Structure formats: structure tokens, C-alpha cells
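Report on the following structure.
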Amino acid sequence: MNNDLLEPDAATAQEDAETAALQRLLVAFWLHERQDFAGGPAEQLARFVADTGYSVAFDILHEAANEIAYAEGSGDIDGWMALASFAWHPDQIWKLLLDGVELSDGDAQLTLVATFLAEPLLSHYGSCLPLFAEQVTTDPKFERMITGIWRAKMSDRVWARLRVLQAHAPDPLASMLPIGEPESETNSAAESLSRADRMNDDKGLFYRDIAGAWFRPPVPRNPVR
């Protein structure tokens, strides 16, 4: 659709809808088993749509192939997801996470979402934890997903609060770290965390200002080495 023909509000709504459809397609494709898929991103996406009956406009399919192809030179959906989970705005990562939970089918896919979306989000943007605490009250599938999250680089405060949420989940994933055991026995990686990692909830590319809004600090032209 030519957005130049739409009123500003309508054009923005159209762009938002197309972006949401694009990201949802990419998450669905990422979750799907692709071991026997041949060809580049365009061919693999076409195979995915044919195999699953996923309904998507051709323009969105074409744009998704381009997104994957130019994901920092990786040229595959796993590289795209790794980049998105690190470099995107926290609000966008949260939307990817919600799509991932909704689209996941079975414990293996739900564990993927926990490991590659939820875990990086809480490691880099621990102040998002209230979103998790609210979501588990209305979404049993999301509540089950959080039990598959390990500590990674979370601060002490965020990890402790997440463990409380995990402890209340009635049907945890098999990958959940045992509650009540010493951290050194359940997550040896925690021993390598720096003091800054343990103390700071947010340590990604974005930070919160005094009003709580996200912003990205400018990168110095001549950083101190």
C-alpha cells in the first residue's frame, strides 16, 4: 500500500500494523524447525509459508527476507534474532517476546523463547521485570515460559525477584533451575558476574531517564581507551 495516499494518523497505523506483521512472521519462522530448508532467506521463508500455511502478504514476506539477509552479515534467522535481542529498543524486544510466547508450540519452543528473548531482555534491561510480573497474572503460558529463564547477566535484585515469580509457577519447564539450592550449584556462570553486573539492573544500549523513559546515549566520537 502507498502510505503517501493516507492521512498521517492512518499512515502511521498502517506502518505499525505492517511492522507488527513483519516481526511476527520472523518470530514464527525463527521458532520453526528448519534443518532441511535449502536456499537463502527468500527460499526458506517461502518453504516455511508453504509447509505451515502461514498467511502473510507478499510485500511482508519480501521484507522479511531482506531483514534476515542483512542481519549484520549473518544472513540467517538466528543471526537476526541475536541482533534484535541485543540491539533493539527494549519495548520492541518485549513485543517480540510476547509474539514468541503466543506462537510457541511445545516446551522446546517455549524454552527457546525463554533463552534467547526473555533472558537477554532481563539481563540487559532488568527494570522491565514489572512487565513480567504483570504478564504472569493473566497469561499461564507466559508464566510457564519464565521458569526456563536462567540468570545470565541479571543483577542480584532482578534475579532474586524473578526466582520468586518462578517459584510460584504451578507447571514449570523441565529446564527450570531448582529453587532453594545454592546459586553456585544451579548456575555456575553467576560466579563470573562483575560487581557492575550484579548491581545494575539496566546495562544495555538504552537507559532510563529521570522520568523513566528509555533513551540511547550518544556514542563518543573519540572514546577513551
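The opening position of the sequence shown corresponds to residue 4 in the numbering used here, with each subsequent residue numbered one higher.
For every residue, glycine included, the Cβ atom is placed at its ideal position computed from N, Cα and C.
Computed from a predicted model, the values in this text were never measured in an experiment.
Measure from the C-beta of I71 to each C-beta in chain B and report whether the shortest distance is under 8 Å.
-> The chain inventory of the structure shown lacks chain B, comprising one protein chain alone.
Out of Q17, G56, D108 and A31, point me to the one whose CA is closest to W83's CA.
-> A31
Which listed residue (D159, R166, V222 and A177) has its alpha carbon closest to that of S195 | D159
Within 8 Å, strictly: CB atoms of G56 and L113 | no
Own chain, CB closer than 6 Å to A72, minus 5 neighbours either side, in chain order = P44 and G78
Coarse secondary structure for D54, derived from DSSP in three states = helix
Name, in chain order, the residues that DSSP records as bridge partners for F218.
-> Y210
Are the Cβ atoms of A121 and L100 separated by less than 8 Å?
-> yes
Which one of L180, H65, D54 and A117 has the shortest CA to CA distance from I96?
-> A117
For D205, the residue or residues it bridges with in DSSP | Y128
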